[in-house]
Amino acid sequence: MSLTNTPLDVLIEISRELDLSDSIHLISTCSTFTPILLSRYFWISALDRVEHVHRRPLPCSPGLDITSLPLDALKKMVIHA
Numbered sequence: 001m002s003l004t005n006t007p008l009d010v011l012i013e014i015s016r017e018l019d020l021s022d023s024i025h026l027i028s029t030c031s032t033f034t035p036i037l038l039s040r041y042f043w044i045s046a047l048d049r050v051e052h053v054h055r056r057p058l059p060c061s062p063g064l065d066i067t068s069l070p071l072d073a074l075k076k077m078v079i080h081a
């Protein structure tokens with residue numbers, strides 16, 4: 001089985017084990033991975049890693065419910081974190 005034939009949920013879990021910038025680079029390499037870039041779960045998980053693994057504050061107001069943000073806002077927060 002090639003990486004491009006791997007189920008989306010498995011790819012997301014693999015990307016969660018990588019460094020954040022590495023996971024973004026990985027999923028940006030192939031159009032097959034575009035659904036991951038469009039996955040709110042991926043970006044919300046990335047923000048969770050920024051906050052809890054990398055111990056960096058999120059670039060937003062404390063207490064903001066990030067799960068209600070539009071996809072573009074989530075992406076920008078990850079990139080600027």
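The opening position of the sequence shown corresponds to residue 1 in this note's numbering, with each subsequent residue numbered one higher. By construction, the Cβ of each residue, glycine as well, lies at the ideal position given by its N, Cα and C atoms.
Does residue i come within less than 7 Å of chain D when only Cβ atoms are used?
i	result
Ser15	Among the protein chains of the structure shown there is no chain D, as only one such chain exists.
Can you tell me whether residue i is buried or exposed, with buried defined as 16 or more other CB within 10 angstroms of its CB?
i	result
Ile24	buried
Val53	exposed
Ile27	buried
Ser68	exposed
Leu20	buried
What do you reckon, are the CB atoms on residue i and residue j nearer than 7 Å?
i	j	result
Trp43	Leu74	yes
Rounding to the nearest angstrom, what Cα-Cα distance links residue i and residue j in this structure?
i	j	result
Thr6	Ser31	14 Å
Leu47	Thr4	25 Å
Pick from the options: whose alpha carbon is nearest that of residue i?
i	options	result
Arg16	Arg49, Ser2 and Ser39	Arg49
Gly63	Glu51, Asp72 and Leu71	Glu51
Leu38	Ala81, Ile79, Met77 and Asp72	Asp72
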